[in-house]
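Residue numbers (the UniProt record's numbering): 1 to 134. C-beta: ideal position from N, C-alpha, C; glycine also. Computed from a predicted structure; not experimentally measured. Encoded as structure tokens, the structure appears first; notes follow it.
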Amino acid sequence: MSNENSNLRVGSAGAGLFVGDKQILGGVRNITIGSYGNLIIIINRSNVIKRISFDYREDITLVPTQVCSIYSPGADAGMVAIDNIKCNISSADILEDGTQTFKYEANMIYESGNYFAQIGSIDTYDLRVIEIME
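Okay, here's the thing in structure tokens:
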């Protein structure tokens, strides 16, 4: 079967998975920071490089399609926009009293220097998934 006229192609040697001319998987090395604690996942779905900071301690540069997983070890911590970003944020929390919450915020706009995803020390389990759109 030839894929010359196909809208779906898989790059050679792990180059990525494409639909048409848009890469949807692979091709970049993902980033993991830490190994335990609450999880923040950042996905750069925009077509430009974006820079963020993990609680002003570590600057992170994300190229398009790159994913960063950050484990926060229980202290109050947050993500700070270095570049302006527009993103969707999904949050899931289990509080000390067992209360569970889920929240989805679409098309959130954060200017440089603003916190955009925080994890609190009072939560027993937190998960944040941030999709950077622009």
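Ser53: first and last residue of the uninterrupted beta strand (DSSP E) it sits in: Lys50 to Phe54
Taking the alpha carbon of Lys103 as the reference point, which residue from Phe116, Tyr110 and Arg128 has its own alpha carbon closest? Arg128
Taking the C-alpha atoms as reference points, what is the distance between Asn84 and Ile52? 9 angstroms
Taking C-beta to C-beta, are Ile132 and Asn44 nearer than 7 angstroms? yes
Determine whether the beta carbon atoms of Asn38 and Ile119 lie at a separation below 7 angstroms. yes
Given a cut-off of 7 angstroms on the beta-carbon distance, is the pair Phe54 and Ala81 in contact? no
In whole angstroms, what is the alpha-carbon distance linking Gly14 and Thr65? Caution is warranted here: a pLDDT of 45 is assigned to Gly14, below 50, making its placement in the model unreliable, and the coordinate value is therefore given only provisionally. Straight-line Cα distance between these residues: approximately 14 angstroms.
What is the DSSP secondary structure of Glu131, counted as helix, strand or coil? strand
Give the single residue among Lys50, Leu95 and Tyr125 whose Cα lies nearest to the Cα of Ile112. Going by the sequence as given, residue 112 is Ser instead of Ile. Per the Cα distances, Lys50.
Whole-number beta carbon distance between Ser69 and residue 151, since they are thought to touch under 8 angstroms: As shown, the chain starts at 1 and ends at 134. That puts residue 151 outside it, with no answer to give.
Just grab the DSSP bridge partners of Glu105 for me. Ile89
Cβ-Cβ distance between Glu134 and Ser46 below 7 angstroms: yes
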